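Colleague: To start, I am sharing the structure in question, which I have written as structure tokens.
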Amino acid sequence: AQTVTQSQPEMSVQEAETVTLSCTYDTSENNYYLFWYKQPPSRQMILVIRQEAYKQQNATENRFSVNFQKAAKSFSLKISDSQLGDTAMYFCAFMKGGGDSNYQLIWGAGTKLIIKP
Amino acid sequence: KAGVTQTPRYLIKTRGQQVTLSCSPISGHRSVSWYQQTPGQGLQFLFEYFSETQRNKGNFPGRFSGRQFSNSRSEMNVSTLELGDSALYLCASSLDLGQVNTQYFGPGTRLTVL
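Protein sequences appear in the order of chains A and B. Note that the working numbering has the first sequence beginning at 343, numbered continuously upward. Note that the working numbering has the second sequence beginning at 2, numbered continuously upward.
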């Protein structure tokens, strides 16, 4: 069974600083996807970034980038030039790939990120 | 393109009642998944539907059920409500094009069981 671990329950940084959120996972699969979602106080779950395990290049989306270390089973999220609107719960999630139609997300416990003005 | 919509946004029920939640996926998306979010258990997968068929089911009792209609809209039903069913219920839709299965979420339905 797959598991996802986020070891930082809460983090806070000053606006404009860079922050890195940690995520590790455990799987015996070789084909899978990893995601970061954010959930602001509105509770709407919003996709931040996605990484395919078969891609060696780290995914980036504007100020958001990941450090994907497949051998170490690590998937950290870096937020550059943090903004007040980045304040949210951040969830790391795993999805098995392949053709067996098991398209469920396995979630970490989340990291509460607070951006201070 | 409109996002995933869920209705109602808030519900208050009493123990023993049943409840039905609705989810309309993004236009063109054929897969709908449901998740339960609670402070104690975090996010847990309930079930996933594709082409009106349940493809996967999480580890929840039979009181939790769902269905999907021909237009991909989905409903989930919880019968004989218990206090522990109080949660945010999230619906997500995806295109389901083989490897491309990014899930996009609705705003959730907040269920409170008294």
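Glycine is no exception: its CB is placed at the ideal position from the N, C-alpha and C atoms. No experiment lies behind these values; they were computed from the predicted model shown.
1) Closer than 6 Å by C-beta to L115/B: which residues in its own chain qualify, once you throw out the five before and the five after it? Chain order, please.
2) Under 8 Å, Cβ to Cβ, is there at least one residue of chain A near T103/B?
3) Output the boundary residues of the beta strand (DSSP E) element that contains S66/B.
4) When the cut-off is 8 Å and only beta carbons count, does L447/A lie next to chain B?
5) Using only CA atoms, which one of A358/A, Y432/A and Q398/A lies nearest to N372/A?
6) Can you tell which of G85/B, R111/B and Y50/B has its C-alpha closest to the C-alpha of P62/B?
7) Between the stretch 41 to 51 of chain B and the stretch 17 to 25 of chain B, are three or more C-beta pairs nearer than 8 Å?
8) My assumption, with CB atoms under 8 Å, is that R74/B sits in contact with S52/B. Please give the rounded CB distance.
9) With 8 Å set as the bound, which would you pick, yes or no: does the beta-carbon of G109/B sit closer than that to a beta-carbon of chain A?
10) Identify each residue in the stretch 343 to 376 of chain A for which the Cβ-Cβ distance to at least one residue of chain B is less than 9 Å, and report them in chain order.
11) Around the Cβ of E49/B, are there at least 16 other Cβ atoms within 10 angstroms (buried) or fewer (exposed)?
12) In three-state terms, what does DSSP make of G85/B?
13) Per DSSP, which residues does A430/A bridge with? Please list them.
14) Just how far apart, CA to CA, sit Y432/A and R385/A?
15) Leaving aside the five residues before and after L12/B along the sequence, list all residues of the same chain whose C-beta is less than 8 Å from its C-beta, in chain order.
16) Taking buried to mean at least 16 other C-beta atoms within 10 Å of its own C-beta, is K380/A buried or exposed?
17) Since T360/A and G450/A should fall inside the 8 Å C-beta cutoff, what is the C-beta to C-beta distance between them, to a whole number of angstroms?
18) Which first and last residues belong to the beta strand (DSSP E) in which T362/A is found?
19) Can you pull the chain B residues whose beta carbon is under 7 Å from the beta carbon of L389/A, in chain order?
Modeller: According to the data block:
1) T15
2) By this cut-off, T103/B is an interface position.
3) F65 to Q69
4) yes
5) Q398/A
6) G85/B
7) no
8) Their Cβ separation, rounded to whole angstroms, is 13 Å, which puts R74/B and S52/B out of contact at 8 Å.
9) yes
10) N373 and Y375
11) buried
12) helix
13) L455/A
14) 11 Å
15) V20, L22, T110, R111, L112 and T113
16) buried
17) Going by Cβ atoms, the distance from T360/A to G450/A rounds to 21 Å, so no, they are not a contact pair.
18) That run of the beta strand (DSSP E) goes V361 to L363.
19) Simply T103 and Y105.
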